[in-house]
Amino acid sequence: MKIVVITGSPRKNGNSNTLADSFIKGAQEAGHSVVRFDSAFKNVHPCIACEKCGATGECVFKDDFASVKEDILSADVIVFASPIYYFGISAQIRAVIDRFYSINNKLMGADKKAVLLLSYADTSKQTAQPSISHYEAIINYLGWKNAGSVIASGVWSAGDISSTQYPQQAYELGKNI
């Protein structure tokens with residue numbers, strides 16, 4: 046399978062990036078092809094609802110989203126790996142998701158699977174619920190299948206996740222996708 050992992054953390058050694066690394070390791074060991082797109086280190090302009098993509102089929106912005114667009118379209122699995130900073134997925138990954146609008150007709154109904162990898166400092170399950178609901182709304186709208194998730198709570202500082210079971214869970218999810 047071809048897998049695209051879209052990360053949203055600006056911390057290179059952050060907890061959600063550790064989840065992404067673990068997932069990728071498992072997926073590659075299982076023989077899958079993986080493309081990683083670190084949105085926090087890319088220039089992805091947010092959608093401005095200009096509707097040019099609807100008229101022409103192309104987004105007006107010529108930025109780094111163009112470098113991953115074809116990978117997203119041809120992928121079998123899309124993985125969203127994000128920290129939760131303030132009750133939602135990061136703005137960096139959100140900009141990428143918003144740009145799905147420009148390729149909506151090609152994504153909708155595509156035979157794709159999706160995975161959610163989240164990390165956050167709080168230990169309340171309620172804190173992750175808005176991000177989980179957003180993910181579910183996206184994949185339900187697009188008609189994709191949920192292939193699993195790792196929701197890592199109680200990890201605040203970079204590296205906190207290393208002493209938990211979450212990286213192993215992400216590895217197993219990648220290995221068994």
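Basically our numbering = 1-based index in the sequence shown + 45.
Cβ atoms here follow ideal geometry from the backbone N, Cα and C, with glycine treated the same way.
Predicted model only: the values in this text are computed from it and were never measured.
Residue i: first and last residue of the uninterrupted alpha helix (DSSP H) it sits in
i	result
residue 138	136 to 144
residue 128	No alpha helix (DSSP H) contains residue 128, which is instead part of the beta strand (DSSP E) from 122 to 128.
residue 231	Residue coverage of the chain in this structure runs from 46 to 222, which leaves residue 231 outside it and unanswerable.
residue 65	60 to 74
Contact set for residue i: own chain, Cβ-Cβ below 8 Å, skip 5 residues either direction
i	result
residue 153	186, 187 and 188
residue 220	71, 72, 74 and 75
residue 80	47, 48, 49, 50, 113, 116 and 120
residue 132	172, 175 and 176
residue 58	203 and 204
Straight-line Cα distance separating residue j from residue i
i	j	result
residue 62	residue 116	20 Å
residue 165	residue 114	28 Å
residue 216	residue 66	8 Å
residue 49	residue 120	6 Å
residue 211	residue 177	17 Å
residue 174	residue 108	31 Å
residue 200	residue 208	10 Å
residue 112	residue 222	25 Å
residue 203	residue 60	6 Å
residue 155	residue 134	23 Å
residue 56	residue 69	17 Å
residue 122	residue 205	27 Å
residue 78	residue 218	15 Å
residue 106	residue 90	7 Å
residue 136	residue 93	15 Å
residue 141	residue 110	7 Å
residue 198	residue 54	16 Å
Exposed unless 16 or more other CB atoms sit within 10 angstroms - verdict on residue i
i	result
residue 157	buried
residue 168	exposed
residue 104	buried
residue 214	buried
Boundaries (first-last residue) of the beta strand (DSSP E) holding residue i
i	result
residue 83	78 to 83
residue 212	Per DSSP, residue 212 belongs to no beta strand (DSSP E); it is in the alpha helix (DSSP H), 211 to 220.
residue 196	190 to 197
residue 48	47 to 52
residue 157	Segment: none, residue 157 is in no beta strand (DSSP E) and carries neither H nor E.
Cut-off 7 Å between Cβ atoms - residues of its own chain near residue i, not counting five sequence neighbours on either side
i	result
residue 184	159 and 191
residue 151	118
Min CB distance residue i to chain B below 8 Å
i	result
residue 53	In the structure shown, chain B does not exist; there is a single protein chain.
Other residues of its chain near residue i: CB distance less than 6 Å, five sequence neighbours each side excluded
i	result
residue 180	161
Check whether the segment 193 to 202 and the segment 78 to 88 are in contact - that is, three or more C-beta pairs closer than 8 Å. no
Three or more beta-carbon pairs under 8 Å between the segment 123 to 140 and the segment 157 to 176, yes or no? yes
With a threshold of 8 Å, are at least 3 pairs of Cβ atoms found where one atom belongs to the segment 138 to 153 and the other to the segment 96 to 108? yes
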